[in-house]
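Protein chains: 2
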Amino acid sequence: MNKFGLFGKITAHTGQRDALVKVLLEAATLMETVEGCELYIVNILDSEPDAVWVTEIWRDESDHKASLMMGETKAIIQRGRPLIAGFGEQTKLCPVGGKGFLEA
Amino acid sequence: MNKFGLFGKITAHTGQRDALVKVLLEAATLMETVEGCELYIVNILDSEPDAVWVTEIWRDESDHKASLMMGETKAIIQRGRPLIAGFGEQTKLCPVGGKGFLEA
Numbered sequence: 001m002n003k004f005g006l007f008g009k010i011t012a013h014t015g016q017r018d019a020l021v022k023v024l025l026e027a028a029t030l031m032e033t034v035e036g037c038e039l040y041i042v043n044i045l046d047s048e049p050d051a052v053w054v055t056e057i058w059r060d061e062s063d064h065k066a067s068l069m070m071g072e073t074k075a076i077i078q079r080g081r082p083l084i085a086g087f088g089e090q091t092k093l094c095p096v097g098g099k100g101f102l103e104a
Numbered sequence: 001m002n003k004f005g006l007f008g009k010i011t012a013h014t015g016q017r018d019a020l021v022k023v024l025l026e027a028a029t030l031m032e033t034v035e036g037c038e039l040y041i042v043n044i045l046d047s048e049p050d051a052v053w054v055t056e057i058w059r060d061e062s063d064h065k066a067s068l069m070m071g072e073t074k075a076i077i078q079r080g081r082p083l084i085a086g087f088g089e090q091t092k093l094c095p096v097g098g099k100g101f102l103e104a
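If you read the sequences in order, they're chains W and D.
Here the first sequence stands for residues 1 to 104, where the numbers follow UniProt numbering.
Here the second sequence stands for residues 1 to 104, where the numbers follow UniProt numbering.
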């Protein structure tokens, strides 16, 4: 089974980045209960005050897709959507190993 | 202290990706001994057969810089260099929380 990784940029409406970070950290807390989610890190950068990046690693892509079907996930997405001005590049990845990599 | 994150793409010479992955996984093994390195994941993607991405999280930027001064790191970089055709975009990040985030 191949692991599934994502690295994506989200642009918040001006002044809404911290509110969006809060919502995404709630998503990360929810992911604590989702076994297939192995990493869900929220990132910011001082030089881009409206941007948020999320780094994800999943046991496999079906786990990721299943998580999007959860009622709680849909509710969090609903709360986050009004804060979002746009989505930047999202890179799909296949993590193959390294420090912090959870062996199957 | 702000954590420090990196997400970068490296393009291998044609046919050298797996050799580069091997070298980067050796770097990840070395990072197991480096306390300030909290995550060092090597990623590939079937649709880009020459590309490798590395996802990193560091306790702070100085830990990252110090790791680059290590003799073992320099040796690994030397071995990887001939395999590398070029470097793609590298995103510097400030990880702020989430699943897999190591609290200070």
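By construction, the Cβ of each residue, glycine as well, lies at the ideal position given by its N, Cα and C atoms.
Computed from a predicted model, the values in this text were never measured in an experiment.
With DSSP as the reference, please indicate the residues paired to residue i in a beta bridge.
{"i": "G97(D)", "result": "V42(W)"}
Give the interface partners of residue i over in chain W, defined as CB-CB distance under 7 Å, in chain order.
{"i": "W58(D)", "result": "Per Cβ cutoff of 7 Å: no residues; W58(D) is ~11 Å from chain W at best."}
Which chain D residues sit within Cβ distance under 7 Å of residue i?
{"i": "L45(W)", "result": "K92, L93 and C94"}
{"i": "G5(W)", "result": "N43"}
Please report the Cβ distance between residue i and residue j, rounded to the nearest whole angstrom; I am assuming they are in contact, meaning their Cβ atoms lie under 8 Å.
{"i": "A85(D)", "j": "T29(D)", "result": "Contact flag wrong, Cβ pair sits at about 24 Å."}
{"i": "G97(D)", "j": "V23(W)", "result": "About 12 Å; that fails the 8 Å criterion."}
{"i": "L20(W)", "j": "V54(W)", "result": "Going by Cβ atoms, the distance from L20(W) to V54(W) rounds to 10 Å, so no, they are not a contact pair."}
{"i": "E61(D)", "j": "L39(D)", "result": "Not quite, the Cβ-Cβ distance comes to about 15 Å (not below 8 Å), so this is no contact."}
Strictly below 9 Å CB to CB, what residues from chain W border residue i?
{"i": "E38(D)", "result": "K99 and G100"}
{"i": "T11(D)", "result": "Within 9 Å Cβ-Cβ: nothing; T11(D) doesn't reach chain W, min ~14 Å."}
{"i": "residue 178(D)", "result": "Residue 178(D) falls outside the range modelled here, since chain D spans only 1 to 104, and no answer is possible."}
Task: Within 8 Å of chain D by C-beta, residues of the region 81 to 103 of chain W in sequence order - done: T91, K92, L93, C94, P95, V96, G97, G98, K99, G100 and F101
TODO: Please specify which runs of the beta strand (DSSP E), each continuous and at least 3 residues long, are wholly inside the UniProt domain "ABM" (4 to 93) of chain D, giving them in chain order.
DONE: 4 to 12, 37 to 44 and 51 to 58
- [ ] Please list the residues of the region 19 to 36 of chain W that have a C-beta atom closer than 7 Å to any C-beta atom in chain D, keeping them in chain order.
- [x] V21, L25, A28, M31 and E32
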